[in-house]
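See below for the structure under consideration.
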Amino acid sequence: EDQVSTIREGVASIYERDEEWTQAAQMLSGIDLDTGMRVVDDRYKLEKCIHIAMLYLQDDDAVNAETFIKKASFLVNSCKEEALELQYKVCYARILDAKRKFQEAALRYYELSQWEKTNTVANRVDEGDLQQALTAAVTCTILAGAGPQRSRMLATLYKDERCAALPVYPILQKVYLERILRQAEVAAFAQDLKPHQQALTADGSTVLARAVIEHNLLSASKLYTNITFLELGALLGIAPDKAERIAARMVAQDRMKGSIDQVEGIIQFETETEEIKQWDHQIAAVCFAVNGILDNMQKKGM
Amino acid sequence: DHSLLRQVSSLVRRLPAIDSAHFREEFL
Amino acid sequence: MEVEGRQVALVEQFVLLAKNVRGRGAAEIVKQATCEPGLFAFGELLDTPSIQELQGSEHAAALDLLRLFAHGTWTDYKNHASSLPPLTPPQILKLKQLTVMSLAENSKTLPYDLLSNELDISNTRELEDFVINDCMYTGILDAKLDQRQRRVEVQASAGRDIRPGQLQIMAGALEDWLKTSEELLQTIQEKVTYAERLSEEHRKHKAEVDARKDEATKSLK
């Protein structure tokens, strides 16, 4: 078994050198890690599982990568080696990303971006790596579906001072502040996406396109009391009937408040019974403004 | 104090909070 | 509004610069301030001695320009363009933003037609983009757009510099608020007193009824 393992490792390293990632992974996965014939420590098993998962990821095979990272997850707690733990977390985050579980991937990437440098891994985790992890967290958050978890993640990232220095910061700011995203800035953001992040969904649009349209629809609902589908389509860069379909779906799913008048071709974002509530908010804002002025006067000794 | 006066100017314009026929009906 | 909080720090930079210059230097400061993104307050700069000294000098037009940015609108500029320096694109944008702030002073609803005339933007999409990107997203205007009614419904707008005579109007409005609030509080207090009195009468009446019931029960036994 020892000799077989050694040979397999040797052949796998040759495959790796030639960038035959899947072959290398298959070669290594032939090593029997659960044998009773020889003593195999947890550290060795963990290292192999992570290595195999990483190799499958190189060829965008998230399914097989996940199989091995799951095996690794049973071993990672018993093996207190920081370098391996880091590799495991990186691999896990990338698998979630590849499987388009963007919300979870964002959380993992963000954790990684806060990895503290220690002696053992000082030469493997530099500022560039941390920044890369942070950027990946931002990207995945933007691609994730709208909801309270995503909103919390957006807030965390927006308030993290390190994000202000990232090239993706402008789009993060707009998404967090629920502002309309223009086509040019979305196109620039899309350029840095990985192939799986630009894959088509069931309805023929990309993950990013759908996320942007839904984001922009919600942004429009904050700006307009009502808008025609013609104008909404122009604002979102899509056909009016597509804008209507997506708006209708979001209203039906209770992700956006509104009513649609198909005869007039207009969507009313706020239901009319909310005017009293709106008035309440305005009165509260007045009180807040009064307080602000009084505080300022006090500070100036008036 | 220019800054305070600008703030007060902005404050004074906040009321009436809403000015529409539909709101007036609901308010009544 | 948040944008108001940022004005003091921004304008102070120019006030400090203006303290150390005269003449052409002061006129240059005026130009920089009127181009500065995010600066919508000019009262402090207008009060600076070196800026006031521009009056009657060869750079008097700069002082007039600063007054325009402090209190005027895009229409005012067009009406006096011959006696004012030509505006750069950032200055034009700022003056249009200030115009919207002025319009919001007088009305809670701003029809698209009015905005279109005042800002020289005839295309609806362009007009809405201006209101959204240059007014709402910059924080000088809290509003909603109503396409059906073709108007902007203003919830709040940032304050411009106070014009002469405006102080009286503001003081009058605040006095009205105070008077109305006091009257309303008095009315509420009267209602509370009335409700308390009614409640006390009800309690007494109930006690009387209970007492008579007990008496009747005893005598029957």
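Sequences listed follow chains A, B and C, in order.
Residues in the first sequence are numbered consecutively from 262, following our numbering.
Residues in the second sequence are numbered consecutively from 24, following our numbering.
Residues in the third sequence are numbered consecutively from 626, following our numbering.
All C-beta atoms, glycine included, are put in the ideal place defined by N, C-alpha and C.
Since we're looking at a predicted model, the values are computed, not measured.
Among the residues facing chain A, H25 (chain B) is not included, as its CB has no counterpart in that chain under 9 Å away.
For N742 (chain C), the enclosing alpha helix (DSSP H) stretches over residues 737-744.
In this structure, DSSP gives Y762 (chain C) a state outside helix and strand, which the three-state scheme calls coil. By the C-beta criterion, the segment 777-796 of chain C is judged to be in contact with the segment 29-40 of chain B, since at least 3 inter-stretch pairs fall below 8 Å.
Residues of chain B whose Cβ lies closer than 8 Å to the Cβ of Q632 (chain C) are, in chain order, S26, R29. DSSP places T818 (chain C) in the uninterrupted alpha helix (DSSP H) bounded by 791-845. With respect to chain B, the C-beta atom of K561 (chain A) has a partner C-beta closer than 9 Å.
Per DSSP, L454 (chain A) has no beta bridge partner at all. The contact set of R36 (chain B) on chain C, defined by CB atoms closer than 9 Å, consists of A729, E730, N731, K733, V779, A781, S782, G784, A798 in chain order.
In this structure, the straight-line span from the alpha carbon of Q529 (chain A) to that of A508 (chain A) is close to 11 Å. Going by DSSP, Q284 (chain A) is part of the alpha helix (DSSP H) stretching over 282-290. Against chain B, the beta carbon of N552 (chain A) has no neighbour under 8 Å; the closest one sits roughly 11 Å away. In this chain, the alpha helix (DSSP H) harbouring A634 (chain C) covers 627-644. For E525 (chain A), the nearest beta carbon of chain C is closer than 9 Å to its own beta carbon. The DSSP-derived three-state label of T328 (chain A) is helix.
For the set A:D293, A:D358, A:C340, the Cα lying nearest the Cα of A460 (chain A) is the one of A:D358. Cα atoms of P710 (chain C) and A685 (chain C): separation of roughly 10 Å, rounded to the nearest angstrom. Boundaries of the alpha helix (DSSP H) harbouring I403 (chain A): 388-404, taken from the DSSP string. For M761 (chain C), the neighbours in chain A by C-beta distance under 8 Å run, in chain order, L484.
In the assembly as shown, V300 (chain A) is an exposed residue. Its beta-carbon has fewer than 16 other beta-carbons within 10 Å.
Two segments are said to touch when three or more pairs of C-beta atoms, one from each, lie closer than 8 Å; by this definition the segment 26-33 of chain B does not touch the segment 756-773 of chain C.
Closer than 9 Å to the CB of I499 (chain A) there is not a single CB belonging to chain B. Taking 9 Å as the cut-off, the Cβ atoms of S374 (chain A) and A394 (chain A) count as close.
In the structure shown, the three-state DSSP call for N487 (chain A) is strand. Q529 (chain A) is bridged by DSSP to A:N487, A:S520. Here DSSP, grouped into helix, strand and coil, assigns S682 (chain C) to coil. Taking 7 Å as the cut-off between beta carbons, the residues of the segment 645-671 of chain C near chain B are A666, G668, E669, in sequence order. For A652 (chain C), the CB contacts under 6 Å within the same chain, skipping 5 residues up- and downstream, are H684, A687 in chain order.
Where E342 (chain A) is concerned, there is no enclosing beta strand (DSSP E), because DSSP gives it neither an H nor an E. M511 (chain A) counts as buried, since at least 16 other C-beta atoms from the protein chains shown sit within 10 angstroms of its C-beta. In the displayed model, V777 (chain C) falls within a strand according to three-state DSSP. In terms of Cβ geometry, P662 (chain C) and K721 (chain C) do not form a close pair [threshold 9 Å].
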